[in-house]
Amino acid sequence: MVVKIQVPRGTQDILPGQVEKWHYVEGVMRRLAAEYGFQEIRTPVFEHTELFQRGVGETTDIVEKEMYTFEDKKGRSLTLRPEGTAGAVRAFIEHSYFAQPQPTKFYYIGPIFRYEAPQAGRYRQHHQFGIEVFGSAEPITDAEVILVAVDLFSRLGLADLTVKLNNIGCPKCRKDYREALIAYFRPQVEALCADCRNRLERNPLRILDCKQESCREVVAGAPEITSHLCAECQEHFSGVQRYLEAAGVKYEVDSGIVRGLDYYTRTVFEIIYTGLGAQSTVCGGGRYDNLIETVGGPPTPGVGFGMGIERLLLTLEKTGCYLPEKAGPDLYIATLGQAAKEAAFAALLDLRRAGLRAVTDLMGRSLKAQLKYANKINARYVAILGENELAQGRVQVKRMADGQDAEVAWPDLLAWLKAQMQADSRKEEEVQDDSR
RNA sequence: GUGGGUGUAGCUCAGUUGGUUAGAGCGCCAGGUUGUGGCCCUGGAGGUCGUGGGUUCGACUCCCAUCACUCACCCCA
């Protein structure tokens with residue numbers, strides 16, 4: 043060991059014990075997405091930098107200071123994706139999905155990169171589960187997208203999340219509103235923090251979700267977007283709300299929800315859990331009716347969300363929701379003597395092909411040490427194969443949970459174990475039923 | 001980018017007003033006689049005390065710098 047190399051700042055290894063939890067939530071996500079008619083798309087983790095500049099917006103924090111941008115050997119500017127929508131949109135256009143029956147419903151699961159100062163619930167590489175619906179401008183689509191997130195949370199056993207909903211208008215009404223905001227804030231510039239003074243001309247909408255006490259007071263009296271929406275946006279907004287109510291989704295209208303990406307139009311929403319430290323947003327998304335055109339496709343509306351998997355897992359852990367533990371093997375074969383070792387080695391082949399998770403000693407340990415090891419790795423059953431057993435064509439099998447022993451004919455081991463394990467899991471179910 | 005906190009064995013942490021061979025618990029490895037886990041007992045491996053410099057007869061301990069981790073601001077998933 044010369045110089046200890048650690049993971050890059052803000053990244054982490056997902057180790058055994060943790061990775062099972064990832065598999066579990068990813069499994070729920072994939073099943074759910076399929077049930078809602080979404081198909082998986084896998085796009086590159088890096089794209090041409092220009093895609094994000096055009097898509098996400100030049101003035102956003104993400105593009106201004108958070109992108110991992112580099113040049114490849116031919117001098118092309120590439121960027122590790124700082125969000126998931128742009129790549130999906132690019133693929134939609136590149137493969138002419140717009141010429142297919144609409145809507146197009148994609149989902150993705152993968153890493154996202156942002157150069158930020160890491161802290162609780164925030165990383166430089168994190169993972170998102172995201173969905174996108176292209177082609178539909180109907181309010182029912184916005185509601186369905188939100189419903190996917192809400193349904194996912196409820197399937198994972200999560201109850202105390204809050205859906206915050208807002209409508210930031212289309213370019214037409216947003217222009218009006220922008221002017222109204224500037225007109226409102228300009229006389230009170232002195233009361234705003236330095237950041238917000240900056241935002242005033244560039245992006246006054248952002249002042250609305252400033253956390254500074256002084257700014258919040260000023261914001262309290264600011265005109266609300268809702269009163270500046272055009273008739274179409276208003277209708278759309280109430281439509282979304284009607285569908286959400288029809289599906290029994292609880293939500294709060296919050297005019298402070300603005301979102302940090304420029305491409306949003308009309309519907310924006312966040313799903314938050316207060317309990318993650320400073321980071322409360324687990325899922326955020328909205329409608330982006332001009333994005334596809336901006337990136338070079340035909341005018342096509344879209345809605346989607348991104349959900350942070352790390353934050354989701356943190357939330358599940360904090361709220362005590364079910365998460366799988368590291369599982370040990372079904373069977374450990376402890377052997378005594380070379381002949382037994384060889385017999386076990388060969389037998390494992392069949393056991394594994396039958397779907398059993400089965401292992402044996404690779405360390406040359408004594409029988410006792412093998413048993414200790416089997417116990418430590420949480421093996422469900424241990425089969426003991428020594429010279430005596432080999433000679434008699436039998437094997438001793440021990441259930442580790444209670445130490446119960448059985449003698450089984452060596453060729454019957456697989457069948458016997460399968461039957462036992464089935465009986466075990468039936469018992470577990472009964473226990474669960476009783477506790478209900 | 002800015003501020004606060006923390007860096008001692010694989011992990012969680014002790015380490016007295018600076019004093020000699022830096023400790024514990026857990027974990028790991030091996031044993032506790034003939035072939036049987038969890039409990040108990042014994043032994044062992046494992047640390048340039050984050051790194052570099054300074055003060056001092058002497059630094060894990062004090063000072064400076066640096067790096068890393070962490071929390072927060074900003075922003076977001």
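All residue numbers for the first sequence refer to the working numbering, where the first residue is 43 and numbers rise by one.
The beta-carbon is built from N, C-alpha and C at its ideal position, and this holds for glycine as well.
Applying the criterion that 16 or more other CB atoms from any shown protein chain within 10 Å of the CB defines a buried residue, is residue i buried or exposed?
| i | result |
| --- | --- |
| residue 191 | buried |
| residue 358 | buried |
| residue 316 | exposed |
| residue 109 | buried |
| residue 366 | exposed |
| residue 194 | buried |
| residue 228 | exposed |
| residue 331 | buried |
| residue 397 | exposed |
| residue 405 | exposed |
| residue 46 | exposed |
| residue 163 | buried |
| residue 147 | buried |
| residue 389 | buried |
| residue 482 | A question about residue 482 goes unanswered here, because the residues of the chain that appear run from 43 up to 478. |
| residue 410 | exposed |
| residue 34 | The chain is shown from 43 up to 478; residue 34 falls before or after that span and cannot be answered. |
So, using beta-carbon positions, are residue i and residue j closer together than 8 Å?
| i | j | result |
| --- | --- | --- |
| residue 434 | residue 440 | no |
| residue 303 | residue 215 | no |
| residue 175 | residue 293 | no |
| residue 154 | residue 125 | yes |
| residue 224 | residue 306 | no |
| residue 208 | residue 269 | no |
| residue 26 | residue 342 | No answer is possible for residue 26: the residues shown for the chain start at 43 and end at 478. |
| residue 300 | residue 198 | no |
| residue 61 | residue 97 | no |
| residue 286 | residue 188 | yes |
| residue 426 | residue 437 | yes |
| residue 244 | residue 278 | no |
To the nearest angstrom, report how far apart residue i and residue j are at their CA atoms.
| i | j | result |
| --- | --- | --- |
| residue 387 | residue 170 | 42 Å |
| residue 467 | residue 65 | 21 Å |
| residue 465 | residue 423 | 14 Å |
| residue 165 | residue 351 | 11 Å |
| residue 149 | residue 58 | 26 Å |
| residue 128 | residue 338 | 11 Å |
| residue 361 | residue 168 | 21 Å |
| residue 462 | residue 121 | 54 Å |
| residue 371 | residue 284 | 50 Å |
| residue 416 | residue 443 | 12 Å |
| residue 152 | residue 230 | 44 Å |
| residue 320 | residue 347 | 21 Å |
| residue 226 | residue 311 | 25 Å |
| residue 85 | residue 156 | 17 Å |
| residue 111 | residue 95 | 11 Å |
| residue 115 | residue 54 | 28 Å |
| residue 232 | residue 327 | 33 Å |
| residue 91 | residue 100 | 11 Å |
| residue 391 | residue 138 | 48 Å |
| residue 142 | residue 173 | 18 Å |
Determine the DSSP secondary structure at residue i, reduced to helix, strand or coil.
| i | result |
| --- | --- |
| residue 80 | coil |
| residue 427 | strand |
| residue 137 | coil |
| residue 300 | coil |
| residue 345 | strand |
| residue 327 | strand |
| residue 480 | The structure shown has nothing for residue 480, since the chain only spans 43 to 478. |
| residue 246 | helix |
| residue 43 | Confidence in residue 43 is poor, its pLDDT being 39 and thus under 50, which makes the residue's placement unreliable; the coordinate value appears in the next sentence. DSSP places residue 43 in coil when its eight states are reduced to three. |
| residue 378 | coil |
| residue 173 | strand |
| residue 470 | helix |
| residue 441 | strand |
| residue 322 | coil |
| residue 120 | strand |
| residue 287 | helix |
| residue 451 | strand |
| residue 132 | helix |
| residue 434 | helix |
Using 8 Å for Cβ pairs, my map puts residue i next to residue j. What's the rounded Cβ distance?
| i | j | result |
| --- | --- | --- |
| residue 295 | residue 184 | In fact, because the Cβ distance is near 13 Å, the residues do not count as touching under 8 Å. |
| residue 89 | residue 123 | 6 Å |
| residue 87 | residue 354 | So it is not a contact: roughly 20 Å between Cβ atoms. |
| residue 429 | residue 379 | 5 Å |
| residue 374 | residue 421 | 4 Å |
| residue 385 | residue 394 | Incorrect: roughly 15 Å between the Cβ atoms, too far for contact. |
| residue 212 | residue 234 | Their Cβ separation, rounded to whole angstroms, is 27 Å, which puts residue 212 and residue 234 out of contact at 8 Å. |
| residue 376 | residue 413 | 6 Å |
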